[in-house]
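Going down the list, the sequences are from chains A and B. Residues 14 to 236, numbered by my numbering, are exactly what the first sequence covers, in order. Residues 14 to 236, numbered by my numbering, are exactly what the second sequence covers, in order. Note that CB positions come from ideal geometry on N, CA and C, so glycine has one too. To start, the structure itself, in structure tokens.
Number of protein chains: 2
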Amino acid sequence: MAGRSYHHGDLRAALLDAAESLVRERGADGWSLREVSARIGVSPSAAYHHFESRDALVRTLSWRVLAGLGEQLGRAAAHARGQRADPQARLIALGRAYVRWTQRDPAVAGLVFGAHRGEPESPVSPHPHDVLVAELDRLVDAGGLPASSRPGAEFVLWPALHGLAALLGDGMMRLEGSRDVGSQAERLVRAVLTGLGAEAPGFPDRPRARSAHTERAAKRESP
Amino acid sequence: MAGRSYHHGDLRAALLDAAESLVRERGADGWSLREVSARIGVSPSAAYHHFESRDALVRTLSWRVLAGLGEQLGRAAAHARGQRADPQARLIALGRAYVRWTQRDPAVAGLVFGAHRGEPESPVSPHPHDVLVAELDRLVDAGGLPASSRPGAEFVLWPALHGLAALLGDGMMRLEGSRDVGSQAERLVRAVLTGLGAEAPGFPDRPRARSAHTERAAKRESP
DNA sequence: GCACACATCTGAACACTGCTAAGATCAAGC
DNA sequence: GCTTGATCTTAGCAGTGTTCAGATGTGTGC
Numbered sequence: 014m015a016g017r018s019y020h021h022g023d024l025r026a027a028l029l030d031a032a033e034s035l036v037r038e039r040g041a042d043g044w045s046l047r048e049v050s051a052r053i054g055v056s057p058s059a060a061y062h063h064f065e066s067r068d069a070l071v072r073t074l075s076w077r078v079l080a081g082l083g084e085q086l087g088r089a090a091a092h093a094r095g096q097r098a099d100p101q102a103r104l105i106a107l108g109r110a111y112v113r114w115t116q117r118d119p120a121v122a123g124l125v126f127g128a129h130r131g132e133p134e135s136p137v138s139p140h141p142h143d144v145l146v147a148e149l150d151r152l153v154d155a156g157g158l159p160a161s162s163r164p165g166a167e168f169v170l171w172p173a174l175h176g177l178a179a180l181l182g183d184g185m186m187r188l189e190g191s192r193d194v195g196s197q198a199e200r201l202v203r204a205v206l207t208g209l210g211a212e213a214p215g216f217p218d219r220p221r222a223r224s225a226h227t228e229r230a231a232k233r234e235s236p
Numbered sequence: 014m015a016g017r018s019y020h021h022g023d024l025r026a027a028l029l030d031a032a033e034s035l036v037r038e039r040g041a042d043g044w045s046l047r048e049v050s051a052r053i054g055v056s057p058s059a060a061y062h063h064f065e066s067r068d069a070l071v072r073t074l075s076w077r078v079l080a081g082l083g084e085q086l087g088r089a090a091a092h093a094r095g096q097r098a099d100p101q102a103r104l105i106a107l108g109r110a111y112v113r114w115t116q117r118d119p120a121v122a123g124l125v126f127g128a129h130r131g132e133p134e135s136p137v138s139p140h141p142h143d144v145l146v147a148e149l150d151r152l153v154d155a156g157g158l159p160a161s162s163r164p165g166a167e168f169v170l171w172p173a174l175h176g177l178a179a180l181l182g183d184g185m186m187r188l189e190g191s192r193d194v195g196s197q198a199e200r201l202v203r204a205v206l207t208g209l210g211a212e213a214p215g216f217p218d219r220p221r222a223r224s225a226h227t228e229r230a231a232k233r234e235s236p
């Protein structure tokens, strides 16, 4: 579109797309910026008018992917079956979707997991973490988790799910057959939720944890 | 030692040491093989007589680090206080040690977590995963976990701990104050263990998971 | 309809990387 | 004391991220 001669219609998006394809084809690190440019038919230095550096491109791409994952998780939770009978059903569906995503796209997942080294600034919306937080709140409202266990619960369930996804994604842990992945996620979510629910009301000095994302969001709302 | 003129006494170990220092100083990716060689005072190509490639060096280093972590975790579990009163104390100590390690050495941890992409062959001993498995078995023996919940329990607790370590390590999750990290690990371990313990004996189609490490070990024992 | 300003992209170059191949240097065994 | 083999070096290749001066368009005000 928009003619392909000198000015490329939307080079920024094209770069991100090409990079994502390359990641999928050759792994999180098996590609170069020059290759991305060449695939689009543009000079190697063109990318620098849209991204500060290669790292910046990777970061931006990973934001895009993360937002897409957030939407997926939200949909998965919304369409969870059996919510009536089982209040945990929505979070289980979320967990299954998270883990399945890692397995469907291990290279992209690896890129995302490795791209956020200490840089909390991320305009990701909806952030997967936020989706999980919302579902935990909803679980409390539905009576599936005692309110006394709620504070900081996301900092138990989120790491658990993330760890499962990460280990499955980079091949450090393997399951037999593709259906088992979901079952494993379900077992993990169930165990964590019932474990949290069984906590004594005044659990020993509950730590106040904050995700980098939440931190940013909080800062934006109260300037 | 052994003269420093032409033949370097133990270049292989020296390379690993220098690489580890560089990782600690500049992050998991902020260094080059040439820099490692230069730091030792050796030509850039010397490393190739001891490692097939840069990746091979990284892999070997991460094995070494992982084995060290395994030992740390074993010691932490062994020296856990309050085992008498609380059968979960050993695993909690292990969890605390795991998470504290990530936080003490985030760059090295990042290297280790990112180095095992699909390559399960790892002569790591004692592997952290094995230490955790042994502690779970011991917990069952001590009556702290029903035997019916034991199968595959490591594939719930291990991801949970790993996720917490990974998120804390790369800055995607932050805790306030250094003591809180341990408390968070404790809460997570407790929740997972009591959650697993509360499972109905015939939990829905318990998946058979295998870690890459266990797989290798099993293969070695039954050829 | 035209000149100008601006965003966009190119070409050439720099310093650096992982890696290879051929040869120099040393230690040890006959 | 010579030879063998391991160990390290020198030189160089192809490819990388990044920069910068300049070419090429696109749109705006006249």
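Straight-line measurement puts the Cα of E148/B at about 9 Å from the Cα of Q101/B.
Looking only at R52/A, G54/A, A198/A, the smallest Cα-Cα distance to G165/B is reached by A198/A. Annotation for V144/A: G83, L86, G87 place their beta carbon closer than 6 Å to its own, counting only its chain and skipping 5 residues before and after. Proximity to G208/A across R117/A, S75/A, Y61/A, P159/A peaks at P159/A, based on C-alpha coordinates. Residue environment for H140/B: buried (at least 16 other C-beta atoms within 10 angstroms of its C-beta). In the structure shown, the three-state DSSP call for R88/A is helix. Per DSSP, L158/A is not a residue of any alpha helix (DSSP H), being assigned neither H nor E. The alpha-carbon separation between R37/A and L74/A amounts to approximately 13 Å.
Think of a sphere of 7 Å around the beta carbon of V169/A: the chain B residues whose beta carbon falls inside it are R200, L201, A204, in chain order.
Of D42/A, V71/A, G123/A, A26/A, the smallest CA-CA separation from I53/A is found for A26/A. A direct Cα-Cα distance of roughly 21 Å separates D118/A from L104/A.
Counted as a single uninterrupted DSSP element, the stretch harbouring R103/B is not any beta strand (DSSP E) but the alpha helix (DSSP H) occupying residues 102-117. Within the segment 177-196 of chain A, L177, A179, L180, D183, G184, M185, M186, R187, L188, E189, D193, S196 place their CB atoms closer than 7 Å to a CB of chain B, listed in sequence order. A Cβ of chain B is located within less than 8 Å of the beta carbon of P172/A.
In the three-state scheme derived from DSSP, where H, G and I count as helix and E and B as strand, S224/A is classed as strand. Shown here, R163/B sits in coil according to DSSP, grouped into three states, outside any helix or strand. Distance from the Cα of H129/B is smallest, within the candidate group D183/A, A41/A, R187/A, for D183/A. Collapsing the DSSP output to three states places R187/B in a strand. Unbroken beta strand (DSSP E) runs of no fewer than 3 residues, entirely contained in the segment 20-84 of chain A, are not found.
Contact check between the segment 53-71 of chain A and the segment 106-118 of chain A: fewer than three CB pairs, one atom from each, fall below 8 Å, which does not count as touching.
Counting only the Cα atoms, F168/B lies some 22 Å from V194/B.
Counting only Cβ-Cβ distances below 9 Å, L149/A has no contacts in chain B at all, with the closest Cβ about 13 Å away. For V194/A, the secondary structure class from DSSP, reduced to helix, strand or coil, is helix. T207/B reaches chain A at G208, A211, counting residues in chain order whose Cβ is nearer than 7 Å. Within chain B, the residues whose beta carbon sits less than 8 Å from that of A225/A are G184, M185, M186, R187, listed in sequence order.
Taking the Cα positions, L29/A is about 7 Å away from L70/A. By the neighbour-count definition (other C-beta atoms within 10 Å, threshold 16), R200/A is a buried residue. Secondary structure at P141/B: helix, using DSSP grouped into helix, strand and coil. The Cβ of R130/B sits closer than 8 Å to at least one Cβ of chain A. Straight-line spacing of the CA atoms in Q96/A and A225/B works out to 35 Å. Rounded to whole angstroms, the separation of the alpha carbons of S138/B and L180/A is 19 Å. For the 8 Å CB-CB criterion, A60/A and L79/A do not form a contact. Take the alpha-carbon of A155/B and the one of R203/B: they are about 16 Å apart.
Look at A213/A here: in three-state DSSP terms it is coil, with no helix or strand label.
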